[in-house]
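Everything in the sequence shown is counted per my numbering, starting at 5 for the first residue and increasing by one. Below: the structure, in structure tokens.
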Amino acid sequence: MKQRKPFVGRAAWGLALSMGLTLSAQAQKATHQLPITPATAAWGYYDAAAAPVLRIKSGESVEVHTLITSTPARLEGAGLPPAQVEPALRDITEHVTNKGPGGHILTGPIFVEGAEPGDVLEVRIQSVKLAIPYAYNAFGPKSGFIPEDFGYAKMKIIPLDEKKMVAHFAPGIDVPLRPFFGSMGVAPPAASGRINSAPPGIHGGNLDNKELVAGTTLYLPVHAAGALFFVGDGHAGQGNGEVDITALETSLSGTLQFIVRKDLHQTWPRAETPTAYISMGLNEDLTLAAKDAVREMIAVLVAEKHLTRDEAYMLCSIAGDLDVTQVVDGTRGAHMLMPKSIFGKASKEKKK
């Protein structure tokens, strides 16, 4: 396996964030609406050849609407009353024939003016909201992490309480909600053609990273003109691992701000919350994915915090949290969170 290049290049994370704030402040603040319809749906793929459904300028925001990844027949078969099936889901299921090879119903792509291969698309997740009062969880005989133990299919409809922000899983079991888009990505390189929406990769895509909630910023390397951003696979909540192959699958709306970053250069997706830096590793082998997440964080600490490789490795061990993102999307995911609180005034002054 080829060793990855550091994904932040020469720009410091703190400097990058401050420059991004300046760029966004100078950019137009228009907010566009992007509903999910047969004309704006990309069913099961990421593709550099996909026609944009919306064009925006860097710095602008989009209120996106996404659909639950299922069909009316499956939801009704699990006990959902037909009246609760969204009309948009019926329309898309009936009229969208350009599908595959994956199963996610994505919204997009969004063309961001000025984005070119080699740039980075900064995606600020400003808000994420529930669109319907229910979710589902399901597994199948050939999916999930331990299909050998569950050789059959099962789907459960789970009520969502937006007021209390919990899912009523069963009597006496309420699960806190942390809604996020499971799939957010840009087009892959044109040479890749149309790729399956299930495995994540250099384009981001189906990361299924539960840290990507409102307030988090996702950084994606750009591979095609306009970046071509797709979003979907709404989750009302999820456990690390997503072991049965689904989370609290639901429909979401949210507001995302897009900023073209020509000062950043990276190879793999990364993210930043208000309290932590996040590195990611992706590989069919979970062990190799975890190793790459650690290597990515080491590279960040060396480049941006001016630590030696030895010191960075040590800091990852004593302060970083290495988590399993998901183990069910073909390409497994691991991520490391490094708390910002450990970097005090002396560290900031050293960087100046």
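Just so it is clear, CB atoms sit at the ideal spot from N, CA and C, and this is done for glycine as well. Keep in mind it's a predicted model, so treat the numbers as computed, not measured.
I need the DSSP call for residue i, collapsed to helix, strand or coil.
i	result
Pro91	helix
Thr291	helix
Arg265	strand
Met169	coil
Arg313	helix
Thr41	coil
Pro145	coil
Pro86	helix
Asp325	strand
Glu276	strand
Ala174	strand
Thr35	strand
Ile161	strand
Count the other CB atoms within 10 Å of the CB of residue i; is the residue buried (16 or more) or exposed (fewer)?
i	result
Ile114	buried
Gln330	buried
Tyr156	exposed
Pro273	buried
Asn102	exposed
Gln261	buried
Thr26	Here Thr26 scores only 49 on pLDDT, less than 50, and its place in the model should not be relied on; the value that follows carries that caveat. Answer is exposed; the Cβ neighbour count stays below 16.
Ile322	exposed
Gly176	exposed
Ile199	buried
Thr97	buried
Asp357	Lying outside 5 to 356, the shown extent of the chain, residue 357 is not represented and no answer is given.
For residue i, which of the options has the nearest alpha-carbon?
i	options	result
Lys309	Lys344, Ala87 and Asp289	Lys344
Ile136	Gly155, Asp165 and Met188	Asp165
Asp267	His99, Ser74 and Pro121	Pro121
Leu252	Asp153, Leu84, Phe173 and Leu341	Phe173
Asn213	Leu224, Gly243 and Ala231	Gly243
Ala316	Ile322, Asp325, Leu305 and Leu326	Leu305
Ala139	Val179, Gly205, Ser196 and Ile263	Val179
His69	Arg265, Thr259 and Ile302	Thr259
Ser283	Ala240, Thr75, Thr254 and Leu216	Leu216
Met342	Arg336, Asp325 and Gly245	Asp325
His36	Pro42, Ala45 and Val57	Val57
Gly186	Met301, Leu222 and Pro85	Leu222
Leu402	Leu110, Gly104, Met169 and Ala92	For the chain, the structure presents residues 5 to 356; residue 402 sits outside this window and is missing.
Thr277	Val170, Pro203, Ala218 and Gly81	Ala218
Ala240	Leu181, Ala293 and Ala191	Leu181
Gly144	Val132, Gly337 and Lys158	Lys158
Arg265	Pro225, Gly208, Ala303 and Pro203	Pro225
Ile129	Val66, Gly197 and Lys160	Val66
Could you please give the first and the last residue of the uninterrupted beta strand (DSSP E) stretch that includes residue i?
i	result
Asp178	Ile177 to Pro180
Asp51	Premise fails: Asp51 is in no beta strand (DSSP E) and is neither H nor E.
Ile129	Val124 to Leu134
Thr111	Ile109 to Val116
Pro121	Careful: Pro121 lies outside any beta strand (DSSP E) and carries neither H nor E.
Gly2	There is no way to answer for residue 2, as the model of the chain reaches only from 5 to 356.
From which residue to which residue does the alpha helix (DSSP H) around residue i run?
i	result
Gly81	Pro76 to Gly81
Using beta carbons (cut-off 9 Å, strictly below), is residue i in contact with chain B?
i	result
Gly155	No chain B is present in this structure, which holds just one protein chain.
Legend entry - 4 or more residues per run - each alpha helix (DSSP H) lying fully within the segment 186-264: none
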